[in-house]
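Below: the structure, in C-alpha coordinates.
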Amino acid sequence: MMCFNKLTKAERFPLTDIDECATNPCKNDATCINGQNKYTCTCSGGWQGTNCDQGKYIRYSANVTLYYI
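Sequential numbering of the sequence shown, starting at 52, is according to this note's numbering.
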(Lines of atoms letter the chains of each structure in order from A and count residues from 1; the text may use other names and numbers.)
(Lines give C-alpha, C1' and ligand atoms only; values in the text may rest on other atoms or scores of the structure.)
Protein backbone atom coordinates (compact mmCIF):
# COMPACT_ATOMS: atom_id res chain seq x y z
CA MET A 1 0.00 0.00 0.00
CA MET A 2 1.37 3.43 -0.91
CA CYS A 3 0.51 6.54 1.13
CA PHE A 4 1.39 10.21 0.71
CA ASN A 5 1.98 12.82 3.37
CA LYS A 6 -0.04 16.05 3.39
CA LEU A 7 2.79 18.43 2.49
CA THR A 8 2.93 20.67 -0.58
CA LYS A 9 3.32 19.06 -3.98
CA ALA A 10 7.06 19.78 -4.08
CA GLU A 11 7.57 18.12 -0.68
CA ARG A 12 5.54 14.95 -1.26
CA PHE A 13 7.27 11.63 -0.93
CA PRO A 14 5.87 8.10 -0.72
CA LEU A 15 5.37 6.49 2.68
CA THR A 16 4.97 2.75 3.10
CA ASP A 17 2.63 1.31 5.72
CA ILE A 18 4.15 -1.80 7.28
CA ASP A 19 1.94 -4.68 8.41
CA GLU A 20 2.96 -5.01 12.07
CA CYS A 21 0.95 -8.26 12.31
CA ALA A 22 3.16 -9.95 9.69
CA THR A 23 5.59 -11.07 12.42
CA ASN A 24 2.76 -12.73 14.39
CA PRO A 25 3.35 -10.80 17.65
CA CYS A 26 0.12 -12.04 19.29
CA LYS A 27 0.40 -15.35 21.15
CA ASN A 28 -2.00 -18.07 22.33
CA ASP A 29 -4.54 -17.91 19.47
CA ALA A 30 -5.01 -14.14 19.83
CA THR A 31 -6.19 -12.02 16.90
CA CYS A 32 -3.82 -9.33 15.62
CA ILE A 33 -5.31 -6.06 14.36
CA ASN A 34 -2.93 -4.00 12.23
CA GLY A 35 -2.99 -0.23 12.74
CA GLN A 36 -0.91 2.68 11.48
CA ASN A 37 2.55 2.12 13.03
CA LYS A 38 1.05 -0.15 15.71
CA TYR A 39 -0.84 -3.37 16.31
CA THR A 40 -3.41 -4.54 18.86
CA CYS A 41 -3.90 -8.09 20.10
CA THR A 42 -7.37 -9.33 21.03
CA CYS A 43 -6.70 -12.08 23.57
CA SER A 44 -8.60 -15.35 23.83
CA GLY A 45 -9.95 -16.52 27.20
CA GLY A 46 -7.40 -16.95 29.97
CA TRP A 47 -4.76 -14.64 28.46
CA GLN A 48 -3.88 -10.96 28.82
CA GLY A 49 -1.05 -8.50 28.15
CA THR A 50 0.11 -6.59 25.09
CA ASN A 51 0.90 -9.81 23.20
CA CYS A 52 -1.53 -12.09 25.11
CA ASP A 53 1.36 -13.97 26.68
CA GLN A 54 0.40 -13.49 30.34
CA GLY A 55 -2.04 -15.83 32.07
CA LYS A 56 -4.93 -14.37 34.07
CA TYR A 57 -5.31 -14.98 37.79
CA ILE A 58 -8.32 -17.13 38.60
CA ARG A 59 -9.77 -17.73 42.09
CA TYR A 60 -10.58 -21.40 42.66
CA SER A 61 -11.56 -21.67 46.34
CA ALA A 62 -13.21 -19.68 49.12
CA ASN A 63 -9.91 -19.33 51.02
CA VAL A 64 -8.68 -16.94 48.29
CA THR A 65 -6.00 -19.23 46.88
CA LEU A 66 -4.97 -17.88 43.51
CA TYR A 67 -3.55 -20.03 40.74
CA TYR A 68 -1.63 -18.66 37.79
CA ILE A 69 -2.30 -20.34 34.47
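From the three backbone atoms N, C-alpha and C, an ideal C-beta is built for every residue, glycine too.
Predicted model, so just to flag it, every value in this text is computed and none were measured.
Tell me the rounded alpha-carbon separation between residue i and residue j.
{"i": "residue 71", "j": "residue 90", "result": "6 Å"}
{"i": "residue 101", "j": "residue 73", "result": "16 Å"}
{"i": "residue 96", "j": "residue 66", "result": "37 Å"}
{"i": "residue 76", "j": "residue 108", "result": "22 Å"}
{"i": "residue 94", "j": "residue 105", "result": "10 Å"}
Looking at the structure shown, is residue i part of a helix, part of a strand, or coil, going by DSSP?
{"i": "residue 67", "result": "strand"}
{"i": "residue 91", "result": "strand"}
{"i": "residue 82", "result": "strand"}
Between the Cα of residue i and those of the options, spot the shortest distance and give me the residue it belongs to.
{"i": "residue 69", "options": "88, 106, 76", "result": "88"}
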